[in-house]
Each structure stands twice: as C-alpha cells, then as structure tokens.
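K.L.:
Number of protein chains: 2
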Amino acid sequence: MVLAMSITFQTHPDQYRHWDLQVDGTIATLSMNVALHEGMREDYELKLNSYDLGVDIELADAVQRLRFEHPEVRALVITSGQDRVFCAGANIPMLCTSTHAFKVNFCKFTNETRLYLEDASERSHLKSLAALNGTCAGGGYELAMACDDILLIDDGSSAVSLPEVPLLAVLPGTGGLTRLVDKRKVRRDRADVFCTTSEGIRGKRAVQWGLIDALAPRSQFAEATRSRADALVAASEVESRGPGITLSALEPTITDSQIAYRYVTVDIAQDKRIATLTVLAPDSPQPTNAEEIQAAGEEQWSLRCFRELDDALLRLRFDHAELGLLILKTRGDGAAVVTVDATLASTRDHWLTQEIIGHQARVLRRLELTSRSLFALIDEGSCFHGVLLELALTADRSYMLEDEDEAVSVATSALTAEAWPACTGLSRLQLHYYGEPERVVEVLEQEGPITTLDADELGLITVAADDIDWDDDVRIAIEERASMSPDALTGMEASLRFPGPETLQSKIFARLSAWQNWIFQRPNAVGPEGALTKYGKPDRPQFDWRRC
Amino acid sequence: MVLAMSITFQTHPDQYRHWDLQVDGTIATLSMNVALHEGMREDYELKLNSYDLGVDIELADAVQRLRFEHPEVRALVITSGQDRVFCAGANIPMLCTSTHAFKVNFCKFTNETRLYLEDASERSHLKSLAALNGTCAGGGYELAMACDDILLIDDGSSAVSLPEVPLLAVLPGTGGLTRLVDKRKVRRDRADVFCTTSEGIRGKRAVQWGLIDALAPRSQFAEATRSRADALVAASEVESRGPGITLSALEPTITDSQIAYRYVTVDIAQDKRIATLTVLAPDSPQPTNAEEIQAAGEEQWSLRCFRELDDALLRLRFDHAELGLLILKTRGDGAAVVTVDATLASTRDHWLTQEIIGHQARVLRRLELTSRSLFALIDEGSCFHGVLLELALTADRSYMLEDEDEAVSVATSALTAEAWPACTGLSRLQLHYYGEPERVVEVLEQEGPITTLDADELGLITVAADDIDWDDDVRIAIEERASMSPDALTGMEASLRFPGPETLQSKIFARLSAWQNWIFQRPNAVGPEGALTKYGKPDRPQFDWRRC
Numbered sequence: 001m002v003l004a005m006s007i008t009f010q011t012h013p014d015q016y017r018h019w020d021l022q023v024d025g026t027i028a029t030l031s032m033n034v035a036l037h038e039g040m041r042e043d044y045e046l047k048l049n050s051y052d053l054g055v056d057i058e059l060a061d062a063v064q065r066l067r068f069e070h071p072e073v074r075a076l077v078i079t080s081g082q083d084r085v086f087c088a089g090a091n092i093p094m095l096c097t098s099t100h101a102f103k104v105n106f107c108k109f110t111n112e113t114r115l116y117l118e119d120a121s122e123r124s125h126l127k128s129l130a131a132l133n134g135t136c137a138g139g140g141y142e143l144a145m146a147c148d149d150i151l152l153i154d155d156g157s158s159a160v161s162l163p164e165v166p167l168l169a170v171l172p173g174t175g176g177l178t179r180l181v182d183k184r185k186v187r188r189d190r191a192d193v194f195c196t197t198s199e200g201i202r203g204k205r206a207v208q209w210g211l212i213d214a215l216a217p218r219s220q221f222a223e224a225t226r227s228r229a230d231a232l233v234a235a236s237e238v239e240s241r242g243p244g245i246t247l248s249a250l251e252p253t254i255t256d257s258q259i260a261y262r263y264v265t266v267d268i269a270q271d272k273r274i275a276t277l278t279v280l281a282p283d284s285p286q287p288t289n290a291e292e293i294q295a296a297g298e299e300q301w302s303l304r305c306f307r308e309l310d311d312a313l314l315r316l317r318f319d320h321a322e323l324g325l326l327i328l329k330t331r332g333d334g335a336a337v338v339t340v341d342a343t344l345a346s347t348r349d350h351w352l353t354q355e356i357i358g359h360q361a362r363v364l365r366r367l368e369l370t371s372r373s374l375f376a377l378i379d380e381g382s383c384f385h386g387v388l389l390e391l392a393l394t395a396d397r398s399y400m401l402e403d404e405d406e407a408v409s410v411a412t413s414a415l416t417a418e419a420w421p422a423c424t425g426l427s428r429l430q431l432h433y434y435g436e437p438e439r440v441v442e443v444l445e446q447e448g449p450i451t452t453l454d455a456d457e458l459g460l461i462t463v464a465a466d467d468i469d470w471d472d473d474v475r476i477a478i479e480e481r482a483s484m485s486p487d488a489l490t491g492m493e494a495s496l497r498f499p500g501p502e503t504l505q506s507k508i509f510a511r512l513s514a515w516q517n518w519i520f521q522r523p524n525a526v527g528p529e530g531a532l533t534k535y536g537k538p539d540r541p542q543f544d545w546r547r548c
Numbered sequence: 001m002v003l004a005m006s007i008t009f010q011t012h013p014d015q016y017r018h019w020d021l022q023v024d025g026t027i028a029t030l031s032m033n034v035a036l037h038e039g040m041r042e043d044y045e046l047k048l049n050s051y052d053l054g055v056d057i058e059l060a061d062a063v064q065r066l067r068f069e070h071p072e073v074r075a076l077v078i079t080s081g082q083d084r085v086f087c088a089g090a091n092i093p094m095l096c097t098s099t100h101a102f103k104v105n106f107c108k109f110t111n112e113t114r115l116y117l118e119d120a121s122e123r124s125h126l127k128s129l130a131a132l133n134g135t136c137a138g139g140g141y142e143l144a145m146a147c148d149d150i151l152l153i154d155d156g157s158s159a160v161s162l163p164e165v166p167l168l169a170v171l172p173g174t175g176g177l178t179r180l181v182d183k184r185k186v187r188r189d190r191a192d193v194f195c196t197t198s199e200g201i202r203g204k205r206a207v208q209w210g211l212i213d214a215l216a217p218r219s220q221f222a223e224a225t226r227s228r229a230d231a232l233v234a235a236s237e238v239e240s241r242g243p244g245i246t247l248s249a250l251e252p253t254i255t256d257s258q259i260a261y262r263y264v265t266v267d268i269a270q271d272k273r274i275a276t277l278t279v280l281a282p283d284s285p286q287p288t289n290a291e292e293i294q295a296a297g298e299e300q301w302s303l304r305c306f307r308e309l310d311d312a313l314l315r316l317r318f319d320h321a322e323l324g325l326l327i328l329k330t331r332g333d334g335a336a337v338v339t340v341d342a343t344l345a346s347t348r349d350h351w352l353t354q355e356i357i358g359h360q361a362r363v364l365r366r367l368e369l370t371s372r373s374l375f376a377l378i379d380e381g382s383c384f385h386g387v388l389l390e391l392a393l394t395a396d397r398s399y400m401l402e403d404e405d406e407a408v409s410v411a412t413s414a415l416t417a418e419a420w421p422a423c424t425g426l427s428r429l430q431l432h433y434y435g436e437p438e439r440v441v442e443v444l445e446q447e448g449p450i451t452t453l454d455a456d457e458l459g460l461i462t463v464a465a466d467d468i469d470w471d472d473d474v475r476i477a478i479e480e481r482a483s484m485s486p487d488a489l490t491g492m493e494a495s496l497r498f499p500g501p502e503t504l505q506s507k508i509f510a511r512l513s514a515w516q517n518w519i520f521q522r523p524n525a526v527g528p529e530g531a532l533t534k535y536g537k538p539d540r541p542q543f544d545w546r547r548c
C-alpha cells in the first residue's frame, strides 16, 4: 500500500502538466493530454488519458479560474489532446494501490469538481460542451455527463461506457449512476444495460438512449464542436461580464502543528486527534460598492478568506485523515463581517459579487461534506456573524458562552436567508430549523447581534454554558467525540446533516458515495482475488457470490 | 461465524414465543416479552427484550394479522411484558456472530416491519402507540419511532437512547437516524448529541427535544396508555371495517431445486446462481363484487398469490444468498388478471379491497428492495397484465418475444396508474418513464393488450427479440449477469432503480442502509479489535483513527 504524499491544490495554467487551457473570446477550450509519467506517485502510469488526483486538481483550478479570471467566457469545450481517446477514467493501478481513506477522498474531490462545472453552468452562465473525440470510459464519461452538452465522434469505434461494474466490480464513483437516470433521465432499464456493457454504446443508439446529445464524423468533428459551442454562447442571455481578476497561489506557512494563512489558521493537536480551525474577520477596510469590489479583486476578505478555508479543508482531508474533530472558531469584529455581507447583498447584479457569493457557497458545501465532526465554539472574541454564522450552522453542534457582560453574540446578515444553499438546496437556517420553519423567520427578524441567552431561547445553538461550566463542558464533549469510531461518526453525520429534500448533489454524496465506500471495502473488489486487484492481470477475479 | 438456519416466516399468535397479542374492541395490545433461550440460534441469549429475526417475524405477523383479521382495531399499543425494560434493541451477540449477508438482510427485514407499522397508520387507520414502560435503547427506540405516538415512563431512570455509535461503532440500523431528523424532526444538532450519548435522554428534556410525545409516572402509566390509545381511536374518522378474514399459514413444498406454492413457484439453478420465479394468473372464478371479496377471504388470487410471492422473496433473501439473478416469469390468462384488478378498482371503498391492494404494494416494494438482479421474460404463455405488469416494471430489464401470431402481450389495468407506489412514492410507470412523463399517459390510454412491436415502440420493454434471437439473447444476458460481482450489482441496482424524488422510506434504504452496510464491513466495528466484537468484553476496542 503506497501512501499519498502531501499534495498542493494550488496550480496555474502555466504549470499544468495534463491540461491545456485556451481562451478565445467567449469560448474556452480545455484539452486533456495526461502526461504518462507525471502522476502524483511514481508507481503507476497515466495511460490513455486516465487521471489521478493531480489531473483533477488542474481541472478544478481551470473551472475556478475561468469564473474569476475570464468571466467573459460563456462556453467551455472540454476535449482531449490525444488521438482517438477522450479519457479512460480514473487510473486503476492508482486506485488499487491507494488506501481506502484516499480512495474515498479522491472520489469526493472529483465529485466536487464535476459539481463545480454544473454550478458554473447554473450560476455563472458558463456552459460546457464535452467534445468526445475518441473513446470515453468510466470517469471520462462521468466528466462528460457533468457538461451541458455531449458531442461524440462517429467513427465506428469510439463509444461512451461505464465499465466499472463488469470490469472492476466497483461503481462508477463520480456521480455517474445518479446523473444517468436523474440528470440525463436515461430510462432505468437502458441504464442497467449500459452499465453492464463493458464495451459501451456508440453511434445512433447512444443518441437514442440519451447517453449523448449529438454525433459528428471525424471530418466534421471540429466544425460541429465549434458550432455547438457557438450555440451555447448564443443561448446565453447574460450581458457583458468582467474584466476578470487574478487568482494568485495561496502560500500557507506549514509546520507539524499548524497551517497558517492570512485569515485562516489550522492548529493541529495530533495526540488528541483534533484540529482547531480559526477564521478571522476582516481587519482592514473592505470594498463598499461594486467598483471597489472589482478593484479589490482577490485581496478582499470575502474571497481570500474562503479560498484559504477551502485550501485548508482539502489539506485536512488528504494530509490529516486522523484528525477526526474540527473545532471551528472565529475571531474579530462581527460587525465588519455583516457590513461586508451587506455590500455583497447590495451589489448582487455585479458579476464578481455573484462569483464571490457562489464561491463561499461552494466552500461551505465542501465543509458540510467533509467527513469530520464539526463543533463550533462561540466564545469570547468570536464573531459568528453573517457568513461566519454559516460555519456554526454547518457544525454538528455549537457551544456558546454565557458571559456576564453579554459581549458574545451571533448575527445574521442580508445574505443569510438564501445566498449559501446547502447541498440539499435548503439554506442552513432552514436545515437547522427543519422541524420549526417559523423559527427561520423569527431569527432573520432579529435586529443586530443575538446574545447567548436569546440564541439559546431561539434554539439557534446547541449548548449555552456559563463561565464556570464552559471549560469542563467543552473539554468533555471534545474528548468523548474524539474517542468514538471514525466510521460510525462518518455514517451518523452524513445521515443527520441533511434532513429534508434531496437533490442530484445530495443523492450523489449520500446514496451513491455510501454504496461506493461499501464496495471499496468488499473483498470482491479489493481483496487478493478481487476484480480491482486482478485488473490487467491474466487470471480472473474470484467472487464470493452471496448477495447482500 | 455461525450461519443462520433455514427460517420460516409463517407464524400465528398462538405460536408466538416472544409477543402477546390481545385485542379488546378497537384497541389491540402487543406486549414484548422475549424468551431468553428461544432465539433462532443457540449461541446467544435474548436478554433484556433484545431481539433477533425470530422476534421480528412475530412482530411483522402481528401487524399484518391485525390488518386482515382485526380490521376493527384502530389503535395498537406496543409495550413490554418485562418490568423496567421496554426493549434493548437488536441482540448484539447475535449480530457479532452473523455473516455480513445475514446482518444486512436482518436489518432490511426489520426496516420493512417498521415501515409496515407506518403503512398501517397511513392506509389502514391503524394508529400505534409505543408505551415505553422502561428503558428503550437502540432498535427498541427505533421501533418506538415507527409508532405514531410515544409515551415514556417517568421514573427517574428509564430513558430513550440510540447508543450504537458510542457503544458499538455501528449505526442505528433500522431507520433511527432518518426518523429522528426527517420524521420526528428533532433538531439536527440535538440529534447529534442524542446519538452520541450512550445513556440516552429521559424526562422533560426528552419531550422538549421531541424524542417522545409524553411522560407518565409509574402510578399513572397504565391510565395514560389507555387514554392515549383512546385518543388515537377517537381521532380516527373511519367508519366500521370488517369483519376480518383469516390468514392461514402458507405451506410451500420445498426441495433442493424448488419452492412451490399454489400460484408461485421458484425454480433454483444452484450451479448457475439463478432462481426462476413463476407467477400464475388466476385459474378459477374470482370475486366480482365486494361481498364476494369479503366471502373469498384469503383464498382469492389477489391476496393469496402476493402472500406467496412475499414468502418466496424472504426465503430467497435468507436461504439462498448466492442466487444473484431472479428471472421473473408469468403464466396464464392475462385477461383474468385485468378483470381481478378491475373488480378491486370498483370496490375500493371496501376495507378488504384496500388491504389487498396495500398488501400487493408492500410485496412489490419488498421485490424492488431485494438485492438481486431482476430480469423479466415476457415470453409465450406469459401474462404480464395488470398487477403482474408491475413485476416487469420492477425488473432491472425486460425481454419480450416478438412472436409471429402476436399472442405475446402486456397490459395495464384500472389500478396501474397509482395503486402500487414504489418506495419513492412514484408509480412504477412513472419510474420507468422518469424522463418521458408523457409516455405514462400514452401507455395508460392503450386499450387492451399491447403486443411486442407496440410495447417496443412505446419503450415499455428493454429488448424485443424474435424467435430466432430470443434464446441466444436471453441466455447470454443471463450468463453475463450471473458472472458479475454481487456487491457491485447491489450498489448499481440500488442506484438505478430509484430515479427522482426521495421519501423517508427511500432515504432509509438508500442513504442509511448503504452507510450501515459500509460500517458493518469496517474493522472498527467487526474486526478482531472492533467495538462490536469487543462489546461486553473487558478490553476496549482499538480503532484505526483515519476518517473517510
């Protein structure tokens, strides 16, 4: 078992090893050309445009960068720079030699990246076209399904396929099954045939079944690609957006016990298996109107702070699997956070405001989908106000100090009601008060900061504790949590965090990921005789035939 | 590892070893008094009203029997016959020594039983009260949550609890997490505290948090139970129902290669890992009006056939885990099935008609939740008409013979549109045509039987094959399916069978069960140092702390 090395999620088109990004007016083209020998580890080769985490980090960067740096782009063409192959999906030897925890987190990240493509389509007028110039298998087809439009080359051999079940005894792990029947609405019996046909489906039948949107012969493929991209641009009703801003690499200071950014710090207590994530409120003047938002670019707190939080969460997921409990803290001036939110609320027709709020929403969803227990500590000096209140509402529980001078408070902002939907589509106040929807209104009607007794009365927090009890209450809760089985907590938190309706997104992370995690444990896939282990080897896998 | 013996699902109140059923006018009382030494296996004791499959089979029988034999009953009180203990949940030593496949199927059956209680409340005016006369832990509290009303004794010590996560490193496996936040709408942060507090919550706090509905001290407990049951009866607006009919035990003839009932036969091809399930249409006169339905009782085809199907599915699940593919066949006169459905449709205000249709719906949901591949073969002599068309629509795919004389057909009936909802709440036609809702209307508008070419044109079937291709097409499809990993197929089928909306029911079986299945594989629960293994032993479990 080869462990994953420490990973950086900061990259730039100039540094891409596996993708080429070209922007031409309102159309961008992202070509996949995976470098065979430049995987994140040296024990596998990235054949046939198969991908590992490093490839997907570049894809995620490209989508993010287009939204902030090239807001004028309306259509993104995703294609391949290799002949007769679009993408063979996730690299199998890489999966075979990865730990279970890495596999699960790898799948989660690739799922998030594909959801970001759909989010860009929905919120940023950035439509995407998968121009499949060759064979498209497994994760490759799952990437295509995350696009708005799929064009397949009609060359008599190139097919789309999800061969995971018949060939590898695992599931298409990146939302494929859900997107097939829930997004593309392929008839479920046809989906059954498709997902068990390892060679896939091509040509007219692929169109008839709804697996792809169009076909083009090789001689007309480039032209068809261009004309479908043009059509996506033409269908976009958005007015001019831009100019773009620059996103620079975050450069945290990393030691054994700390990851430190400008506004976000992660303190690691390895022996206690706890990370304390502290987020600072803005401590310098922030933009007050659309022009200043545009001018401030990546430096403004609303963007910078959440980019840091995003990076910190990914580092925790991949580099610190054994830290089971994240303590969420905030420090600084809550009023400054509410003011920043108010400025965003008053400039929501500005493209950059839309991107900033959308980015915050994505980071908050990354937080709620992080398999760690989350406790918010609302203590002296904290500022769970405005967008930072979302951290407390995302937490599995919150502790709030009853201080004598009533200096501790929480507060909503002009954006709390609906700006940052959870992955089920509900706001976090709606999730919190799922059984008492009238409370949502009551809390939003509160004027100014809500002190501990009021927050307790409103049911906005889990536990209110006075000075005398605080230390013991919090310490015991933390120790107890850190002593419980990480697996049981993962399953419990995934079940309790999302009451109410389900969306494509929540179905992917709940239903599909849970099944995939299960299968990634089963000897039929990963045992010495399992299909994943035996893939590419001469002998056939041996299955335990009992169904469960 | 002790394997489960062959199990019978046929029982009767006279034979109950663990429950006592008393019917008194409109109120029935079911008292749990689990016999310590009468578990289904001899290697564990059923202490503290803990249950194994045998206990739950009796509970399922009691709920079913009340609906058919005592339709006048409006309130069911579920309580315990033991002092100071209601129920300690599923028996842990039994779980520890069961195979993974048995654990998964055990949880599925107990989940179905609890859903049947909720179904009885919704469809049969049979409300239930959990009268918790003592401690109520784990599966005991999950049973209580399946009731409409929960009364807890207020004795200073009896609590409700879900101690699975902190004590056993598994999830409450019988819908507890979902019911907590989705049905009882307990605030999710409080649910987090509750599910990690092994001693549970009692008294006023349990009421405040919505974990229970009411409290009563010991001296008033019997009176409070009676008055709450009376209130459930009083709230029921239903007119007089009955008289009840008798349900006799089904007595299939069982050999190594066959399970044979009156209308249902299961042929077992052990070497090919295939079971062929053949359902016969009615072959004798059936009731034509409400009086005849009442008089025919358990003998009428609509009830008898589906009781047999239910029993056959349970036997397949528990006794034949290695049969991964069920071939669904029908034989007989399709018109007779459609006529029976029409009679049911025209008598839907009759209590027994309602029970018969509701029972068919439950059996069809049992089929769709059975983790086996389902292929329907619509061949010569078949009669996938009316309620039997639901079998083909439940299947993962269907093959229909193109015969020259057009004798092969399928047909809807007066009940197809909405009588048998799937566990997502959609009809099976709606599920089938999730992407083409206009087709549902088109199919329902067809008059009379739909022959193969038309069914193919309408997209009602997966594959149409003529005489020449039929044998090869079907044989190859079956062989291929039977060669794939059972685990991957389970996860795939669970994902593809349920496009569209989710319900409490589907969330339990998808999200929650998938996580529980995952956790039941993890060394932290079931490994030599896992919490389930170490439960009741002096040394503590050892956890792998990595989160995933």
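Chains as they are written, first to last, in this note's numbering: chain A, 1 to 548; chain B, 1 to 548.
C-beta atoms are modelled at their ideal positions from N, C-alpha and C, and glycine is treated no differently.
#1: Using the Cβ count rule (16 or more neighbours within 10 Å means buried), how would you classify Thr255 of chain B?
#2: Does any residue of chain B bring its CB to less than 9 Å from the CB of Gly491 of chain A?
#3: Helix or strand or just coil, what does DSSP make of Lys534 of chain A?
#4: Could you tell me whether the segment 215–229 of chain A touches the segment 180–198 of chain A, where touching means 3 or more Cβ pairs closer than 8 Å?
#5: Would you say Asn105 of chain A reaches chain B, if we count a Cβ-Cβ gap shorter than 9 Å as a contact?
#6: Can you tell me which of B:Trp420, B:Glu418, B:Asp396, B:Gly386 puts its alpha carbon nearest to the alpha carbon of Ser409 of chain B?
#7: Can you name the start and end residues of the alpha helix (DSSP H) that Ala477 of chain B belongs to?
#8: With a threshold of 8 Å on Cβ separation, who are the neighbours of Thr196 of chain B within its own chain once the five nearest residues in sequence on each side are excluded?
#9: Could you tell me whether the Cβ atoms of Glu368 of chain B and Leu401 of chain B are closer together than 9 Å?
#10: Are there 16 or more other CB atoms within 10 angstroms of the CB of Val440 of chain B, so buried, or fewer, so exposed?
#11: Does chain A have any CB closer than 9 Å to the CB of Cys147 of chain B?
#12: Which residues in chain E sit within 8 Å of Ala455 of chain A, going by Cβ to Cβ distance?
#13: If you draw a straight line from the alpha carbon of Gly176 of chain B to that of Ser31 of chain B, how long is it in whole angstroms?
#14: Between Arg187 of chain A and chain B, is any beta-carbon pair separated by less than 9 Å?
#15: In angstroms, rounded to a whole number, what distance separates the CA positions of Glu442 of chain A and Tyr263 of chain B?
#16: If I follow the unbroken beta strand (DSSP E) through Gln258 of chain B, where does it start and stop?
#17: Are any of the Cβ atoms in chain B nearer than 9 Å to that of Ser248 of chain A?
#18: Kindly indicate which three-state DSSP category Phe194 of chain A falls into: helix, strand or coil?
#19: Taking the CB atoms as reference points, tell me whether Ala295 of chain B and Pro287 of chain B lie closer together than 9 Å.
#20: Does the segment 87–106 of chain B come close enough to the segment 36–50 of chain B that 3 or more CB-CB pairs lie under 8 Å?
#21: So what does Met400 of chain B bridge to, in DSSP terms?
#22: Nearest chain B C-beta to Pro528 of chain A closer than 9 Å, yes or no?
#23: Curious, which full-length alpha helix (DSSP H) runs of at least 4 residues does the segment 46–90 of chain B contain?
#24: Quick one: using the 10 Å Cβ neighbour count with 16 as the cut-off for buried, is Glu238 of chain A buried or exposed?
#25: Hey, is Ile519 of chain A's beta-carbon within less than 9 Å of any beta-carbon in chain B?
#26: Can you list, in chain order, the residues of its chain whose CB lies under 6 Å from that of Gln516 of chain B, leaving out five sequence neighbours each side?
#27: Expressed to the nearest angstrom, what Euclidean distance is found between the alpha-carbon atoms of Ala75 of chain A and Arg241 of chain A?
#28: Would you kindly check if the distance between the Cβ of Asp155 of chain B and the Cβ of Arg205 of chain B is under 9 Å?
#29: Along the chain, which unbroken stretches of the alpha helix (DSSP H) at least 4 residues long are found entirely within the segment 228–296 of chain B?
#30: Taking the beta strand (DSSP E) that Val23 of chain B falls in, what are its first and last residues?
P.N.:
Here's the rundown:
#1: By the 16-neighbour rule on beta-carbons within 10 angstroms, Thr255 of chain B is exposed.
#2: Yes, Gly491 of chain A counts as interfacial toward chain B.
#3: In this structure, DSSP gives Lys534 of chain A a helical state, which the three-state scheme calls helix.
#4: Touching, no, given that fewer than three Cβ pairs across the two stretches are closer than 8 Å.
#5: With its beta carbon less than 9 Å from one in chain B, Asn105 of chain A belongs to the interface.
#6: Nearest neighbour of Ser409 of chain B by Cα position, chosen from B:Trp420, B:Glu418, B:Asp396, B:Gly386, turns out to be B:Gly386.
#7: Note, Ala477 of chain B: alpha helix (DSSP H), 467–483.
#8: Here the set comprises Val165, Pro166.
#9: Cβ atoms of Glu368 of chain B and Leu401 of chain B: not closer than 9 Å.
#10: By the neighbour-count rule (16 or more Cβ atoms within 10 Å), Val440 of chain B is buried.
#11: No, no contact with chain A.
#12: Absent from the structure: chain E. Protein chains present are A and B.
#13: In this structure, the CA atom of Gly176 of chain B is about 21 Å from the CA atom of Ser31 of chain B.
#14: Output row for Arg187 of chain A: interface = yes.
#15: A direct Cα-to-Cα measurement between Glu442 of chain A and Tyr263 of chain B gives close to 60 Å.
#16: Counting along the chain, the unbroken beta strand (DSSP E) around Gln258 of chain B starts and ends at 258–260.
#17: For Ser248 of chain A, the closest Cβ of chain B is not nearer than 9 Å.
#18: Looking at Phe194 of chain A - three-state DSSP - the assignment turns out to be helix.
#19: With a cutoff of 9 Å on beta-carbon distance, Ala295 of chain B and Pro287 of chain B are scored as near each other.
#20: Contact between the segment 36–50 of chain B and the segment 87–106 of chain B is present, because at least three Cβ pairs lie under 8 Å.
#21: According to DSSP, which records beta bridges pairwise, Met400 of chain B is partnered with B:Ile378, B:Ala464.
#22: Nearest CB-CB separation between Pro528 of chain A and chain B: not below the 9 Å threshold.
#23: The segment 46–90 of chain B contains these whole alpha helix (DSSP H) runs: 53–69.
#24: The sequence given here places Val at residue 238 of chain A; Glu does not occur at that position. Counting Cβ neighbours within 10 Å, Val238 of chain A comes out exposed, since fewer than 16 surround it.
#25: For Ile519 of chain A, the answer is yes, since a Cβ of chain B falls inside 9 Å of its Cβ.
#26: Annotation for Gln516 of chain B: Leu171, Gly173 place their beta carbon closer than 6 Å to its own, counting only its chain and skipping 5 residues before and after.
#27: Ala75 of chain A and Arg241 of chain A: Cα-Cα distance of roughly 14 Å.
#28: Taking 9 Å as the Cβ cut-off, Arg205 of chain B and Asp155 of chain B do not qualify as a contacting pair.
#29: Under the rule that a run must span 4 or more residues, the alpha helix (DSSP H) segments found entirely inside the segment 228–296 of chain B read 290–296.
#30: Boundaries of the beta strand (DSSP E) around Val23 of chain B: 19–24.
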